[in-house]
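Working notes, structure below.
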Amino acid sequence: MTTTSAPPAPAQPKRRLGDRLFAGSATGAGILILVVLAGVAIFLVTEAWPAITADSADLPDGKSLAAYIAPLLFGTLLAAVIALIVATPLGVAIALYVSYYAPKRLAATMGYVIDLLAAIPSVVYGFWGIAALAPAMVPFYGWAAEHLGWIPFFAGPASTTGKTMLTAGLVLAVMILPIISAISREVFGQAPALHREAALALGATRWEMIKMAVLPYGKSGVIAGAMLGLGRALGETLAVAIVLSASGGITFNLISSSNPSTIAANIALQFPESSGLAVNALIASGLALFVITLAVNMFARWIVTRRADFSGAN
Amino acid sequence: MAKRIDVSDLDIYYGNFKAVEGVNVSIEPRSITALIGPSGCGKSTFLRSLNRMHEVIPGARVEGKVVIDGQDLYGADVDPVDVRRQIGMVFQRPNPFPTMSIYDNVIAGVRLNGGKMRKGELDELVEKSLRGANLWTEVKDRLDRPGSGLSGGQQQRLCIARAIAVEPEVLLMDEPCSALDPISTLAIEDLMAELKERFTIVIVTHNMQQAARVSTSTGFFNLGGVGQPGHLVEFNPTEKIFSNPEEKATEDYISGRFG
Ligand SMILES: Nc1ncnc2c1ncn2[C@@H]1O[C@H](COP(=O)(O)OP(=O)(O)O)[C@@H](O)[C@H]1O
Ligand SMILES: [Mg+2]
Numbered sequence: 215m216t217t218t219s220a221p222p223a224p225a226q227p228k229r230r231l232g233d234r235l236f237a238g239s240a241t242g243a244g245i246l247i248l249v250v251l252a253g254v255a256i257f258l259v260t261e262a263w264p265a266i267t268a269d270s271a272d273l274p275d276g277k278s279l280a281a282y283i284a285p286l287l288f289g290t291l292l293a294a295v296i297a298l299i300v301a302t303p304l305g306v307a308i309a310l311y312v313s314y315y316a317p318k319r320l321a322a323t324m325g326y327v328i329d330l331l332a333a334i335p336s337v338v339y340g341f342w343g344i345a346a347l348a349p350a351m352v353p354f355y356g357w358a359a360e361h362l363g364w365i366p367f368f369a370g371p372a373s374t375t376g377k378t379m380l381t382a383g384l385v386l387a388v389m390i391l392p393i394i395s396a397i398s399r400e401v402f403g404q405a406p407a408l409h410r411e412a413a414l415a416l417g418a419t420r421w422e423m424i425k426m427a428v429l430p431y432g433k434s435g436v437i438a439g440a441m442l443g444l445g446r447a448l449g450e451t452l453a454v455a456i457v458l459s460a461s462g463g464i465t466f467n468l469i470s471s472s473n474p475s476t477i478a479a480n481i482a483l484q485f486p487e488s489s490g491l492a493v494n495a496l497i498a499s500g501l502a503l504f505v506i507t508l509a510v511n512m513f514a515r516w517i518v519t520r521r522a523d524f525s526g527a528n
Numbered sequence: 081m082a083k084r085i086d087v088s089d090l091d092i093y094y095g096n097f098k099a100v101e102g103v104n105v106s107i108e109p110r111s112i113t114a115l116i117g118p119s120g121c122g123k124s125t126f127l128r129s130l131n132r133m134h135e136v137i138p139g140a141r142v143e144g145k146v147v148i149d150g151q152d153l154y155g156a157d158v159d160p161v162d163v164r165r166q167i168g169m170v171f172q173r174p175n176p177f178p179t180m181s182i183y184d185n186v187i188a189g190v191r192l193n194g195g196k197m198r199k200g201e202l203d204e205l206v207e208k209s210l211r212g213a214n215l216w217t218e219v220k221d222r223l224d225r226p227g228s229g230l231s232g233g234q235q236q237r238l239c240i241a242r243a244i245a246v247e248p249e250v251l252l253m254d255e256p257c258s259a260l261d262p263i264s265t266l267a268i269e270d271l272m273a274e275l276k277e278r279f280t281i282v283i284v285t286h287n288m289q290q291a292a293r294v295s296t297s298t299g300f301f302n303l304g305g306v307g308q309p310g311h312l313v314e315f316n317p318t319e320k321i322f323s324n325p326e327e328k329a330t331e332d333y334i335s336g337r338f339g
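From first to last, the protein sequence lines are chains A and B.
So the first sequence is numbered by my numbering: it starts at 215 and just counts up by one.
So the second sequence is numbered by my numbering: it starts at 81 and just counts up by one.
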């Protein structure tokens with residue numbers, strides 16, 4: 215048998231240079247992001263490893279690693295969830311108002327103002343929280359401890375400085391509001407006129423039109439915006455470090471002065487004074503934050519694709 | 081439920097631009113009225129003024145009168161939302177709600193009207209409306225699937241089912257077949273002939289044969305030139321328009337000499 219009898223290679227479809235360049239650079243960018251992510255993960259795991267394998271007695275406060283991270287994780291999630299619960303409806307309402315109710319001029323101005331809010335550095339929010347919001351909340355905390363004390367969230371004793379979990383959550387809410395409302399506004403504005411008119415022609419009021427043709431269409435965008443906001447709230451460092459009086463453990467009491475800290479704020483506050491295993495423990499808490507954030511994003515993605523058939527994208 | 085429509089001295093504006101001028105016409109109940117004319121002469125604009133969809137566009141307004149069975153649509157105390165509940169509309173591009181199932185699309189209007197219906201009644205209504213739109217046999221096994229998964233012709237019939245489910249007094253259709261293949265077009269034309277028994281239908285069409293086939297009366301819209309308002313040049317029984325039109329412009333248009 216001779217080599218000449220080999221069947222000819224199937225003809226390759228001709229690909230243009232531009233296509234190849236674009237495909238190449240897109241693939242490259244995709245790989246780069248995975249490499250960076252893997253690098254971060256590897257760094258976190260190797261640096262956290264000594265703390266994970268260490269004896270509890272050698273760790274800060276002489277507690278096991280899980281007992282060290284648990285309250286931080288709890289505080290992180292609690293503050294972020296408060297922020298999300300407050301900011302999502304507000305952000306969606308603002309976006310709807312700007313897109314469908316506000317007079318044109320006002321709508322444009324509001325759009326700019328919201329985008330501007332997103333550009334304010336977090337330390338400014340922190341100072342606003344400690345200087346303005348916290349003192350302003352003190353009377354409410356006192357009132358809530360007295361009259362709503364039977365609800366675990368308001369068990370008290372009320373903080374006299376206002377540096378509570380609720381204040382931290384509210385500061386975070388204000389911080390993530392611009393992301394949520396900007397992304398919601400973007401998707402609401404893109405709700406197809408075709409379907410909005412279909413709703414109106416059936417005799418929908420403006421609000422009914424929004425419910426039929428805008429909200430379902432924008433739902434995945436709102437979720438995406440909320441998850442971006444949640445990501446920011448989970449990772450926010452400075453504002454929480456400034457606003458939260460962190461000296462306690464796990465509690466649902468939102469208005470007292472003994473609160474769990476959050477992972478990011480705790481790292482920022484403890485890192486300068488830490489050495490040895492304490493640093494590894496901090497990095498282990500960072501690893502926990504990394505995993506949580508990843509899980510949140512994957513969950514959001516799953517929600518967005520779950521009913522893709524009905525998304526309006528087909 | 082079919083109703084008579086009387087339009088008098090109707091001018092229709094987009095901001096300062098007068099798109100349609102001086103329309104006077106009476107549309108009989110239980111008839112199909114076709115509106116024909118070159119692009120941009122204001123057929124869609126006029127149609128949308130009949131269910132107050134025109135004013136949905138910012139700055140758009142109307143002067144003159146549209147009276148449906150004695151009720152002035154543009155009266156000071158009339159809510160446009162109520163008007164649209166009585167007058168159904170089918171658009172040029174099929175627009176079932178993509179986030180709703182076929183079933184939910186059909187009852188979308190009924191849900192709005194606030195009718196609290198039991199499941200059984202709703203099921204019946206869905207079947208009746210889909211049968212009315214000649215779509216039932218094609219979709220009865222997948223009522224819970226999204227409406228956007230249907231073919232273009234099926235989507236348009238779904239939109240018709242959605243419109244007739246609320247038993248409107250008038251059904252407005254803006255080039256309902258222009259995005260469809262000939263077979264779907266025929267299906268919808270047959271459907272219109274049936275719907276005529278129950279509804280007053282006004283249809284805009286670019287297709288002269290379609291106008292001749294389905295309608296009882298035909299209105300010819302034309303405009304003097306770019307930037308000028310469109311006029312209703314002639315309104316007559318379809319037979320007359322296509323055999324012996326009163327106006328020279330109508331004859332020119334129909335015989336394909338322009339437009
Ligand atoms: N949303 C709009 N804003 C401003 N002008 C419009 C709008 N829609 C249509 N027009 C204008 O009104 C005139 C009539 O348009 P239209 O009713 O769509 O015509 P037809 O349906 O007969 O093709 C055209 O000059 C068109 O440019
Ligand atoms: Mg048109």
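Built from N, CA and C at the ideal position, the CB exists for glycine as well.
Please identify, using Cβ separations under 8 Å, the residues of the stretch 407-432 of chain A that lie next to chain B, in order along the chain.
Leu408, His409, Glu411, Ala412, Ala413, Leu414, Ala415, Leu416, Gly417, Ala418, Thr419, Glu422, Met426, Ala427, Pro430, Tyr431
- Unbroken beta strand (DSSP E) run spanning Asn104/B, endpoints: For the purposes of this step, residue 104/B is taken as residue 24 along the second sequence, with counting starting at 1. Taken as a continuous stretch (DSSP letters only), the beta strand (DSSP E) holding Asn104/B covers 97-107.
- Task: Kindly list the residues whose CB is nearer than 8 Å to the CB of Trp357/A, restricted to its own chain and excluding five residues on each side of it in sequence; keep chain order.
- Result: Here residue 357/A is taken as the residue at index 143 of the first sequence, counted from 1. Within the same chain, Trp357/A has no close Cβ partners at all.
Task: Pocket of ligand 1 defined by Cβ to heavy atom distance under 5 Å - done: Tyr94/B, Ala99/B, Ser119/B, Gly120/B, Cys121/B, Gly122/B, Lys123/B, Ser124/B, Thr125/B, Ile137/B
Any beta carbon from chain A within less than 8 Å of Val161/B's own beta carbon? Here residue 161/B refers to the residue found at position 81 when the second sequence is read from its first residue. Yes, Val161/B counts as interfacial toward chain A.
Practice task
Leaving aside the five residues before and after Gly144/B along the sequence, list all residues of the same chain whose C-beta is less than 7 Å from its C-beta, in chain order.
Solution key: On the second sequence, position 64 is the one that residue 144/B refers to. Excluding positions up to five away in sequence, the list reads Ser88, Asp89, Leu90, Asp91.
Taking Cβ positions only, does Val136/B come closer than 8 Å to chain A?
-> Translated into positions along the second sequence, residue 136/B becomes position 56. At least one chain A Cβ lies under 8 Å of Val136/B.
Open item on the list: Taking CB distances under 8 Å as the criterion, tell me whether Met253/B reaches chain A.
Closed with: As a first step, residue 253/B is located in the second sequence; it is residue number 173 there, counting from the start. No, because no Cβ of chain A sits closer than 8 Å to the Cβ of Met253/B.
Margin query: Buried or exposed for Ala114/B, going by 16 or more other Cβ atoms inside 10 Å?
Written below: Residue 114/B sits at position 34 when you count from the first residue of the second sequence. Buried, because 16 or more other Cβ atoms sit within 10 Å of the Cβ of Ala114/B.
- Taking 8 Å as the CB-CB limit, is Thr285/B close to chain A? Looking up residue 285/B in the second sequence gives position 205. Chain A, which has no Cβ nearer than 8 Å to the Cβ of Thr285/B, makes this no.
Can you check the stretch 166-209 of chain B for any alpha helix (DSSP H) of at least 4 residues that lies completely inside it and give the ranges in chain order? 182-186, 188-192
Measuring CA to CA, which of Val294/B, Pro309/B, Gly307/B, Asn287/B is closest to Tyr333/B? For the purposes of this step, residue 333/B is taken as residue 253 along the second sequence, with counting starting at 1. The shortest C-alpha separation from Tyr333/B is found at Asn287/B.
>> Taking a contact to mean a Cβ-Cβ separation below 8 Å, would you say Val49/B touches Ala267/B in this structure?
In response: This structure does not reach residue 49/B, given that chain B is present from 81 up to 339, and the question cannot be answered.
Taking Ile469/A as part of the alpha helix (DSSP H), name the residues at either end of that continuous run. Indexing the first sequence from 1 puts residue 469/A at position 255. Careful: Ile469/A lies outside any alpha helix (DSSP H) and carries neither H nor E.
| request: May I ask whether a heavy atom of ligand 2 can be found less than 7 Å away from the beta carbon of Val284/B? | output: The sequence position of residue 284/B within the second sequence is 204, counting from 1. It does: the Cβ of Val284/B is within 7 Å (strictly closer) of some heavy atom of ligand 2.
(request) For Glu135/B, I'd like the list of residues in its chain whose CB is within less than 8 Å of its CB, leaving aside the five on either flank, ordered along the chain. (result) Counting from one through the second sequence, the residue named residue 135/B turns up at place 55. Contacts found: Arg141, Val142, Pro160.
Check: So Gly463/A packs on Pro285/A, CB below 8 Å; how close in whole Å?
Finding: The residue you call residue 463/A lines up with position 249 of the first sequence. The residue you call residue 285/A lines up with position 71 of the first sequence. The pair is a contact, with the Cβ atoms about 5 Å apart (cut-off 8 Å).
* **N- and C-terminal bounds of the alpha helix (DSSP H) containing Ile334/B** => Here residue 334/B refers to the residue found at position 254 of the second sequence. Counting along the chain, the alpha helix (DSSP H) containing Ile334/B begins and ends at 328-334.
What's the C-alpha gap between Gly417/A and Pro174/B?
In the first sequence, residue 417/A corresponds to position 203, counting from 1. In the second sequence, residue 174/B corresponds to position 94, counting from 1. Using only the alpha carbons, I get a separation of about 18 Å.
Query - Best match in Ser297/B, Gly310/B, Asn302/B, Glu247/B for proximity to Ser111/B [C-alpha to C-alpha] - result: Along the second sequence, one-based indexing puts residue 111/B at 31. For the residues Ser297/B, Gly310/B, Asn302/B, Glu247/B, the minimum Cα distance to Ser111/B belongs to Ser297/B.
* Tell me whether the beta-carbon of Thr374/A lies closer than 8 Å to the beta-carbon of Asn473/A. => Locating residue 374/A in the first sequence gives position 160, where the first residue counts as 1. Locating residue 473/A in the first sequence gives position 259, where the first residue counts as 1. Not in contact: Thr374/A and Asn473/A (Cβ atoms no closer than 8 Å).
Gln151/B bridges to which residues according to DSSP? The residue labelled residue 151/B in the question sits at position 71 within the second sequence. Partner(s): Ile148/B.
**Asked** In three-state DSSP terms, what is Glu255/B?
**Response** Here residue 255/B corresponds to residue number 175 of the second sequence, with the count starting at 1. It is coil, neither helix nor strand.
**Where Leu362/A falls: helix, strand or coil (DSSP)** = As a position in the first sequence, residue 362/A is number 148, starting the count at 1. In the structure shown, Leu362/A sits in coil (DSSP, three-state: anything other than H, G, I, E or B).
Check your understanding: Can we count Glu411/A as close to ligand 2, meaning its CB is less than 7 Å from some heavy atom?
Key -> Locating residue 411/A in the first sequence gives position 197, where the first residue counts as 1. Flag unset: Cβ of Glu411/A not near ligand 2.
>> Tell me the DSSP secondary structure of His409/A in three-state form.
In response: As a working mapping, residue 409/A is identified with position 195 in the first sequence. Here His409/A sits in helix by DSSP.
message: Is the beta carbon of Val312/A closer than 8 Å to that of Arg399/A?
response: Stepping through the first sequence from its first residue, residue 399/A is reached at position 185. Stepping through the first sequence from its first residue, residue 312/A is reached at position 98. Yes, these two residues count as a Cβ contact at 8 Å.
task: Tell me, to the nearest whole angstrom, how far the beta carbon of Met169/B is from that of Leu252/B; I am working on the premise that it is less than 8 Å.
output: By one-based count along the second sequence, residue 169/B stands at place 89. By one-based count along the second sequence, residue 252/B stands at place 172. Yes, they are in contact, since the Cβ atoms of Met169/B and Leu252/B sit about 5 Å apart, within 8 Å.
Determine the contact status of Phe466/A and Pro366/A, defining contact as a CB-CB distance below 8 Å.
Residue 466/A sits at position 252 when you count from the first residue of the first sequence. Residue 366/A sits at position 152 when you count from the first residue of the first sequence. Yes, they are a contact pair.
Under the rule that 16 or more other beta-carbon atoms within 10 Å means buried, what is Met512/A, buried or exposed? In the first sequence, residue 512/A corresponds to position 298, counting from 1. Looking at its Cβ environment, which holds fewer than 16 other Cβ atoms inside 10 Å, Met512/A is exposed.
Would you say Asp131/B faces chain A, with C-beta separation under 8 Å as the test? Here residue 131/B corresponds to residue number 51 of the second sequence, with the count starting at 1. Per the sequence presented here, residue 131/B reads as Asn, with Asp not at that position. With 8 Å as the cut-off, Asn131/B counts as an interface residue toward chain A.
Cβ neighbour criterion (16 or more within 10 Å) applied to Ala82/B
Your numbering for residue 82/B matches position 2 in the second sequence. Buried: at least 16 other Cβ atoms inside 10 Å.
- Item | Residue-chain proximity (Gly189/B, chain A), Cβ-Cβ < 8 Å | By one-based count along the second sequence, residue 189/B stands at place 109. So, interface residue.
Check: In terms of residue numbering, what span does the alpha helix (DSSP H) encompassing Ile263/B cover?
Finding: Counted from its first residue, the second sequence places residue 263/B at position 183. Here the alpha helix (DSSP H) through Ile263/B covers 262-275.
Tell me which residue opens and which closes the alpha helix (DSSP H) that Val518/A is part of. On the first sequence, residue 518/A is found 304 positions in, with the first residue counted as 1. It spans 491-520 - the alpha helix (DSSP H) in which Val518/A sits, taken as one unbroken run.
- What do you reckon, is the C-beta of Glu255/B under 7 Å from a heavy atom of ligand 2? Position 175 of the second sequence, counting from 1, holds the residue named residue 255/B. Flag set: Cβ of Glu255/B near ligand 2.
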